[in-house]
Amino acid sequence: MKDQKFHFVFTNNKKALKQKKILLKKFKNHTLQSSNVIIVCGGDGFMLRAIQKFYRFSKPFFGINCGTIGFLMNQNINFDLRKNISESKSIVVNPVVAKISTYKKKKYNLLAINELSLLRQTKQTSSIRIFKNKKILIDNLVGDGVLLSTPIGSTAYNFSVGGPVLNLKSEKLALTPISVFKPRNWKGQIISQKSLIDFKNLKIKRPISIVADNSEIRNVHTVSVKTDHTIKIKLLFNKNQDYKKKLKKLLVSN
């Protein structure tokens, strides 16, 4: 990549602040508009928030790990940053888009980079019917709810409720129940990003909400979800990044 111009964002921990002193002595912090790479110094959570905030600028993201495992980040940067980036490999991921209808006949569209979560609004369990490509997948899921995760978000909420961690190149989505009561033996499913997933609240007296990353809609009736392949989020990784080793470390640490 010629004429590299970086825009840096830093989290507030000690590691990131130390990197900030080093990096901003060596490199100019360009504006988002004039930069061609966004450098994110922090952990996975901070990277996810940065992607949510800046993906509309259509710039690649290069993460420097200042957290713990740093599943989405690069390790052991030697501060020949231009060389690291010019020799990096890229992975493109896509968000999902939900079309939502409420019991008050209102309609909304929400975009999620990490995951969509359908959650009970009251102390009573939710009752949700799930369709895959217009066919019933689960007739009545009873529990706290269900989430649909992208590969980039699979290490976050999805992982904490027992869902699978997806390879960033997998072109899959993770459909994971949350505190499921019925059917007890259903642990979720890994599905293709080409699939159309629909959800229906079966009981109006047991309201559910949908959360798309940081946005929430309440009193949901139906939701239709598909991957938006027109939005391409590019992540840059060192050429020697060992995905399997990092995945193993993530699983062992939990």
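Here the working numbering is used: position 81 in the sequence shown is 71, and no number is missing along the way.
Don't be surprised by glycine CBs; every beta carbon is placed ideally from N, CA and C.
Enclosing alpha helix (DSSP H) for residue i [first to last residue]
i	result
LYS224	Note, LYS224: premise wrong, no alpha helix (DSSP H); beta strand (DSSP E) at 223 to 227.
PHE(-4)	Where PHE(-4) is concerned, there is no enclosing alpha helix (DSSP H), although the beta strand (DSSP E) it sits in stretches over -4 to 0.
ALA88	First-last for ALA88: 86 to 92, but that is the beta strand (DSSP E), not the alpha helix (DSSP H).
LYS8	4 to 16
LYS122	Per DSSP, LYS122 belongs to no alpha helix (DSSP H); it is in the beta strand (DSSP E), 116 to 122.
SER150	147 to 150
LYS216	No alpha helix (DSSP H) contains LYS216, which is instead part of the beta strand (DSSP E) from 210 to 217.
SER24	Note, SER24: premise wrong, no alpha helix (DSSP H); not H, not E.
LYS38	Just to set this straight, residue 38 is Leu in the shown sequence, not Lys. Counting along the chain, the alpha helix (DSSP H) containing LEU38 begins and ends at 34 to 44.
LYS73	71 to 76
Opposing strand residues paired with residue i [DSSP bridges]
i	result
PHE52	ILE29 and LEU226
GLN179	LEU165
ALA280	There is simply no residue 280 to check, as the chain begins at -9 and stops at 244 in what is shown.
VAL82	LYS224
LYS172	VAL132
ASN64	ILE54
Counted within 10 angstroms of its Cβ, other Cβ atoms place residue i as buried (16 or more) or exposed
i	result
ASP(-7)	exposed
VAL82	exposed
GLY152	exposed
ASN191	buried
THR140	buried
THR220	exposed
GLN9	buried
ARG110	buried
ASN123	exposed
LYS18	exposed
THR166	buried
THR217	buried
SER117	buried
PHE(-2)	buried
LEU7	exposed
Host beta strand (DSSP E) of residue i (start-end)
i	result
LYS97	97 to 102
ILE126	125 to 139
LYS191	The sequence shown places Asn at residue 191, not Lys. 187 to 191 is the extent of the beta strand (DSSP E) around ASN191.
SER144	No beta strand (DSSP E) contains SER144, which DSSP labels as neither H nor E.
Integer Cβ distance of residue i from residue j, believed to fall under 8 angstroms
i	j	result
ASN228	ASN64	5 angstroms
ALA146	LEU38	7 angstroms
ILE126	ILE41	Not confirmed; about 33 angstroms, so no contact.
TYR98	ILE207	5 angstroms
GLY35	PHE0	Not a contact, Cβ separation roughly 14 angstroms.
LEU106	VAL86	6 angstroms
LEU138	ILE187	6 angstroms
GLN144	PRO154	Reading the sequence as shown, one finds Ser at residue 144 and not Gln. At roughly 7 angstroms, the Cβ-Cβ gap stays under 8 angstroms, so SER144 and PRO154 are in contact.
Proximity test, residue i beta-carbon vs the ligand HEM heavy atom, cut-off 7 angstroms
i	result
LYS4	By its list of ligands, the structure shown contains no ligand whatsoever, and the ligand HEM lies outside what it can speak to.
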